[in-house]
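Residue numbering for the sequence shown follows my numbering, beginning at 1 and increasing consecutively.
Worksheet for the structure shown next.
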Amino acid sequence: MMKKQAVILDCDPGHDDAIALAILLGAENIELKAVTSSAGNQTQAKTSGNVRKLLTLFDFKEIPVAKGAEKPLVRELIIAESIHGKSGLDGAELPEPEVPLSEDKAIDLIATILKASPEPVVLVATGPLTTMASFLVAYPELKGQIKEIVFMGGACFGGNWTSTAEFNIFVDPEAADIVLRSGVKLAMFGLDVTLKAQFFSEDVAEVRQLGNQSSQVLGGLLDFFNQRVAQPLLPKPGHIEGMHLHDACAAAYVVAPDLFTTLPLYVEVDTRPGLTLGSTLVDYTGKRQLAANANVGFDLDLPRFRELVIQSIGRMA
Ligand code: RIB
Ligand code: CA
């Protein structure tokens with residue numbers, strides 16, 4: 001009997017969050033204990049509803065769902081409607097949710113699960129780190145029950161919301177600062193590797209050929225995401241072809257870490273107002289002479305990654 005790793009996903013669906021969820025649900029070596037929602041791609045009301053709709057579509061209706069905060073720790077919420085649309089999952093009709101919303105807040109549900117777990121739990125975060133940070137502040141005594149926080153966010157080089165900051169970190173830099181200073185084992189999947197997690201129209205066609213209901217809906221979502229992302233939003237030299245399944249990298253790493261190349265590096269975040277607000281300073285050359293606090297992703301086995309994505313979608317209802 002394969003030993004399953006207990007995982008909790010905090011996400012802000014979000015098209016690529018939906019793929020990350022399917023990867024975790026479809027993995028034989030993972031037990032997804034709960035899904036919590038963060039405000040980011042869309043408002044908390046929409047992202048929490050999208051989590052429940054996706055679990056309904058995928059037919060994993062027994063997984064507990066709890067809402068995180070309505071906004072970042074100290075800042076006003078910025079959403080990515082330009083990328084993910086008004087619903088946060090534009091491009092396809094999702095079923096009405098048949099998954100209840102827990103009365104617990106996200107951080108309290110996470111605490112309940114960690115306290116009850118015989119083994120430390122992996123926390124995966126694919127939205128702003130508001131929920132992660134709030135949990136660490138509220139329940140410092142449970143840090144030992146966290147095996148690792150695996151998050152999509154930041155970048156060693158570049159940004160996608162500003163020229164120096166990636167969206168998830170830019171939305172809540174103070175939360176990222178708490179997580180990066182927490183001492184918890186971290187794996188960071190920033191733009192350096194997630195922009196290489198390219199998915200193309202022919203891959204979407206292969207998804208649609210799977211024939212299950214989830215693949216038809218996700219096919220529509222991915223076509224929408226492709227239109228929004230694949231346009232050269234950046235000056236040509238900065239544009240990388242295809243759509244980029246950012247969040248799927250964090251989920252895929254938990255399922256199959258050997259898909260990725262990571263480096264142990266010291267990472268800090270800029271919370272000062274100004275041009276570099278929300279940028280992650282990854283000490284690639286060791287100049288800070290501080291111990292590494294994260295394993296940072298830089299490369300992936302793209303053919304095997306694509307295969308995992310397609311296989312996972314095929315395992316949904
Ligand atoms: O920068 C990419 C990240 O921002 C992804 O998590 C995507 O879902 C958006 O939230
Ligand atoms: Ca996300």
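Idealized CB from N, CA, C, for every residue including glycine.
Remember, it's a predicted structure, so these values are computed and weren't measured experimentally.
Give the range of the alpha helix (DSSP H) segment to which residue i is assigned.
i: I310; result: 302-314
i: S82; result: 81-84
i: F58; result: 44-58
i: V193; result: 191-194
i: I23; result: 15-26
Using the rule of at least 16 other Cβ atoms within 10 Å of the residue's Cβ for burial, across every protein chain shown, is residue i buried or exposed?
i: M188; result: buried
i: K115; result: exposed
i: Q42; result: buried
i: M2; result: exposed
i: E166; result: buried
i: R52; result: buried
i: P97; result: buried
i: P173; result: buried
i: D270; result: buried
i: A45; result: exposed
i: P100; result: exposed
i: T47; result: buried
i: D12; result: buried
Could you please give the first and the last residue of the uninterrupted beta strand (DSSP E) stretch that includes residue i?
i: I8; result: 5-11
i: P264; result: 260-265
i: A291; result: It is not in any beta strand (DSSP E) - A291 carries neither H nor E in the DSSP assignment.
i: K67; result: 65-67
i: K33; result: 30-37
Quiz prompt | alpha helix (DSSP H) runs contained entirely in the region 207-256, provided each spans 4 or more residues | solution = Taking 4 residues as the shortest admissible run, the region 207-256 contains the following complete alpha helix (DSSP H) segments, listed from N- to C-terminal end: 213-230, 246-255.
Exercise. Could you say if the region 180-197 and the region 147-160 meet the contact criterion of at least three C-beta pairs nearer than 8 Å?
Key: Three or more beta-carbon pairs drawn from the region 180-197 and the region 147-160 are found closer than 8 Å, and the two stretches are therefore classed as touching.
Exercise. Would you be able to state if there are at least three C-beta pairs under 8 Å between the region 253-265 and the region 105-114?
Key: Short answer: they don't touch.
Exercise. Ignoring anything shorter than 4 residues or poking outside the region 93-175, list the alpha helix (DSSP H) runs there in chain order.
Key: Correct list: 106-116, 130-138, 167-171.
Exercise. Report yes or no: do the region 174-182 and the region 207-219 share at least 3 C-beta pairs separated by less than 8 Å?
Key: Judged by pairs of C-beta atoms under 8 Å, the region 174-182 does not touch the region 207-219, as fewer than three such pairs exist.
Self-check item: By C-beta, the residues closer than 6 Å to any heavy atom of ligand 1, given in chain order
Solution: Counting every residue whose Cβ lies closer than 6 Å to a heavy atom of ligand 1, we get D12, G14, D16, D17, G40, N41, A80, T126, G127, M152, N160, E166, F167, N168, H246, D247.
Practice problem: Would you check if the region 8-20 and the region 118-138 touch, i.e. whether three or more CB-CB distances between them fall below 8 Å? | Solution: Enough Cβ pairs lie closer than 8 Å, so yes.
Quiz prompt | Three-pair Cβ contact test at 8 Å for the region 290-310 versus the region 194-201 | solution = Between the region 290-310 and the region 194-201, the count of Cβ pairs shorter than 8 Å is three or higher; the stretches touch.
Self-check item: Sufficient close CB pairs (3 or more, under 8 Å) joining the region 67-74 to the region 21-33
Solution: Judged by pairs of C-beta atoms under 8 Å, the region 67-74 does not touch the region 21-33, as fewer than three such pairs exist.
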